[in-house]
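Student:
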Amino acid sequence: MTIHAPDFYVDNADSAKKLLVEGNKRFVSGELQSKASYAEDRKTLLGGQKPFATILSCSDSRVVPEILFDQKLGDLFVIRNAGNVLDDAVLGTIEYAAGHLKCPLIVVLGHNLCGAVTSAVGKGEASEYLQKIMGKINGAIGDIEDVDEAIDANAKSIVEEIKENAVVKESSAVVVQAFYDLDSGEVSWQ
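Residue numbering for the sequence shown follows this note's numbering, starting at 1357 and increasing by one per position.
1) For V1434, which three-state DSSP category applies?
2) What do you get for Y1394, buried or exposed, if any count of 16 or more other CB atoms within 10 angstroms of its CB means buried?
3) With H, G and I counted as helix, E and B as strand and the rest as coil, what does DSSP make of G1478?
4) Taking L1376 as part of the alpha helix (DSSP H), name the residues at either end of that continuous run.
5) Checking the sheet assignment: what are the DSSP bridge partners for C1414?
6) Tell me, to the nearest whole angstrom, how far the beta carbon of I1493 is from that of N1510; I am working on the premise that it is less than 8 Å.
7) Taking three-plus beta-carbon pairs below 8 Å as touching, is the segment 1407-1416 in contact with the segment 1379-1393?
8) Note down the Cα distance separating V1473 from F1535, rounded to an integer number of angstroms.
9) Report yes if the CB atom of P1460 is closer than 8 Å to the CB atom of D1367, and no otherwise.
10) Which full runs of the beta strand (DSSP E) of 3+ residues lie inside the segment 1446-1530, going along the chain?
11) Would G1478 be called buried (16 or more neighbouring beta carbons within 10 Å of its own) or exposed?
12) I'd like to know if the segment 1445-1453 and the segment 1483-1503 are in contact, where contact means that at least 3 CB-CB pairs between them fall below 8 Å.
13) Select from S1483, N1380, A1476 the residue whose C-alpha is nearest the C-alpha of G1491.
14) Hey, how far is the Cα of I1518 from the Cα of R1436?
15) CB V1524 to CB V1531, shorter than 8 Å?
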């Protein structure tokens, strides 16, 4: 078996974003192109990965970047956690994507009906580790009481923090904010 790296490579943020926008349009219309050819894709990817975008999104099971952007294995470098919060491990992962993998685009993807942000706004009781997540979100949203505004403020805060990272700055990766609507399936860009 011959192992080789994928020959498809996107080296600029505009082209990367265009691929995501086009993929989301296909997802919304139900005309997906990236039909699962996992066995073939896995063999191709044994030679290395060249993802064209890094996506920081929520771990909500309804928000799956590879699907909602209609992309194949190896196209996206995805980081998921409740509330798409930024901590040292996530920032280190983004540094790896920007510095080592040379991903030209970093997307912070918020979504409506986010349970983590809703919990943070409600300031309710939570377990020890959920409190840590809510604390990160509360640090970003302050006294905002509207959940949709809080989702936006959380993502904006994360975008700004990522932009200040030395490795990301050196890489020249572009950091953007996006929002996924669970009802329509559409991703809007900020």
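Don't be surprised by glycine CBs; every beta carbon is placed ideally from N, CA and C.
Tutor: This is what the structure gives:
1) The answer is strand: DSSP assigns V1434 an E or B state.
2) exposed
3) helix
4) 1369-1385
5) N1437
6) 5 Å
7) no
8) 14 Å
9) yes
10) Taking 3 residues as the minimum length, the beta strand (DSSP E) runs contained wholly in the segment 1446-1530 are 1461-1467, in order along the chain.
11) Its Cβ having fewer than 16 others within 10 Å, G1478 is exposed.
12) no
13) A1476
14) 15 Å
15) yes
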